[in-house]
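Inspection log for the structure reproduced underneath, given as structure tokens.
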Amino acid sequence: MELIWLEDYLALADALNFSRAASARHVTQPAFSRRIRALEDWIGAPLFIRTTHSVALTPAGEQFRNQAEVLTRALHQLRRDTLEVAGRGAGPLSIAATHALSFTFFPKWVRGNEKILALGTLNLISDSMQACEQMMLRGDVQFLLCHHHPSIGSRVETSQFKSIVVGADTLVPLCAPDQDGAPRWRLERTVPVKYLGYSEQSGLGRIITGLRRAADRNVALETVFTSHLAATLLSMARAGDGVAWLPRTLAEEDMSLGRLVQAGDPGLAIPIEIRLFRPMARQGPVAEAVWAAFERG
Numbered sequence: 470m471e472l473i474w475l476e477d478y479l480a481l482a483d484a485l486n487f488s489r490a491a492s493a494r495h496v497t498q499p500a501f502s503r504r505i506r507a508l509e510d511w512i513g514a515p516l517f518i519r520t521t522h523s524v525a526l527t528p529a530g531e532q533f534r535n536q537a538e539v540l541t542r543a544l545h546q547l548r549r550d551t552l553e554v555a556g557r558g559a560g561p562l563s564i565a566a567t568h569a570l571s572f573t574f575f576p577k578w579v580r581g582n583e584k585i586l587a588l589g590t591l592n593l594i595s596d597s598m599q600a601c602e603q604m605m606l607r608g609d610v611q612f613l614l615c616h617h618h619p620s621i622g623s624r625v626e627t628s629q630f631k632s633i634v635v636g637a638d639t640l641v642p643l644c645a646p647d648q649d650g651a652p653r654w655r656l657e658r659t660v661p662v663k664y665l666g667y668s669e670q671s672g673l674g675r676i677i678t679g680l681r682r683a684a685d686r687n688v689a690l691e692t693v694f695t696s697h698l699a700a701t702l703l704s705m706a707r708a709g710d711g712v713a714w715l716p717r718t719l720a721e722e723d724m725s726l727g728r729l730v731q732a733g734d735p736g737l738a739i740p741i742e743i744r745l746f747r748p749m750a751r752q753g754p755v756a757e758a759v760w761a762a763f764e765r766g
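The opening residue of the sequence shown carries number 470 in the numbering used here; numbering runs sequentially from there.
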């Protein structure tokens, strides 16, 4: 059995599409399929149901998933720890962060914690929430920085991970002003407004969708565009294309300059946390020192 087989399996379990998973693993689809088949042969049971139009996990594949994630993380951590003991250096510490926080919160946060930078090199990997979760589950990164709401779960909210709050933010429904400075679009229950929404890969989208359902915030929305990038939605809202719920940390300059205004009642704003996640399992000395520094604030 090879580690790359486990990583291939996890990529396919996430994508449920051979072409996309092979692309994510930077391998041709025939070679990728052979490696998945080799893993199934080693296990002695099929892990995926393959049809002409779809891929799904078998019951055995579902059973295998959690332990495959744990084992993959453990093997990556074992390699890092062994290299550190061998005196070859631990290498840079990797932090996965969602795009919005990479552009706004992260630089100020790290500059405010100079002792952390002295402990080692930090490697920031910026991506969608979905991709960041996958990196954390596979053990490709030691930390995950993301927006979070206590009532909306994520794939890293399990007994295998722990987290601390490192900041706060607010999702605010914003749009461009009209010539009088009033909202060009106003969120109401009766008049549909053009909505700039987040795609499925976005953690912010999960929060907004979940809380609007829970609070019955059924304002009339007509989705005209989706993206997992908050910065893209900000640009379109600023251009007058519709309303978007945007992190205040990202939109505060546009708000202060009057380029964006609140599109509805202040009660439609959503307070959220900024959290740092890590595996429960003990990591290398440098990673543990960095975590201790983050905990002290």
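Quick reminder that beta carbons are idealized off the backbone N, C-alpha and C, glycines included.
Asked                                                                                                                               : Found
For threonine 551, the three-state DSSP class (helix, strand or coil)                                                               : helix
CB contact flag (valine 662, valine 625, <8 Å)                                                                                      : no
For valine 524, the residue or residues it bridges with in DSSP                                                                     : Arg519
Rounded straight-line distance, which links the Cα of isoleucine 594 to that of arginine 503                                        : 30 Å
Nearest candidate by alpha-carbon position, reference tryptophan 760, set Leu680, Trp714, Leu614, Arg519                            : Leu614
Cα-Cα separation between phenylalanine 517 and glycine 672, rounded to whole angstroms                                              : 27 Å
Residues bridged to phenylalanine 746 (per DSSP)                                                                                    : Leu613, Ser632
Which listed residue (Ala493, Gln731, Leu544) has its alpha carbon closest to that of glycine 709                                   : Gln731
Environment of histidine 617 [buried if 16+ CB atoms lie within 10 Å]                                                               : buried
Phenylalanine 574 and glycine 636 closer than 8 Å at C-beta                                                                         : yes
Leucine 690 - partner residues in DSSP beta bridges                                                                                 : Val662
Candidates Tyr667, Ala756, Glu657, of which the one nearest leucine 737 by Cα                                                       : Glu657
Threonine 659 to proline 735 span [Cα, whole Å]                                                                                     : 18 Å
Which of helix, strand or coil DSSP assigns to histidine 618                                                                        : strand
Inter-residue Cα distance where the pair is isoleucine 564 and aspartate 649                                                        : 44 Å
Three-state class that DSSP yields for leucine 698 in the structure shown                                                           : coil
Three-state secondary structure assigned by DSSP to aspartate 596                                                                   : strand
Cα-Cα separation, leucine 606 to leucine 472                                                                                        : 14 Å
Contact check, leucine 485 vs alanine 537, beta carbons under 8 Å                                                                   : no
Proximity of valine 641 and leucine 715 at Cβ, strictly below 8 Å                                                                   : yes
Chain-order list of residues whose beta-carbon lies under 6 Å from that of glutamine 670 (same chain, five-residue window excluded) : Ser597, Gln599, His697
Coarse secondary structure for alanine 569, derived from DSSP in three states                                                       : helix
Backbone secondary structure at aspartate 638 - three-state DSSP                                                                    : strand
Within 8 Å, strictly: CB atoms of glycine 608 and arginine 542                                                                      : yes
Identified DSSP bridge partners for glutamine 731                                                                                   : Leu643
Assumed close pair leucine 665, valine 634 - CB separation to whole angstroms, cut-off 8 Å                                          : Between valine 634 and leucine 665 the Cβ distance is about 28 Å, and since that is not below 8 Å, they are no contact.
Outcome for proline 747 when other beta-carbon atoms lying within 10 angstroms are tallied against a minimum of 16                  : Correcting the residue identity first, residue 747 is arginine in this sequence and not proline. So arginine 747 ends up on the buried side.
Between the CA atoms of threonine 527 and tryptophan 578 - distance to the nearest angstrom                                         : 43 Å
Cβ-Cβ distance between serine 668 and threonine 701 below 8 Å                                                                       : no
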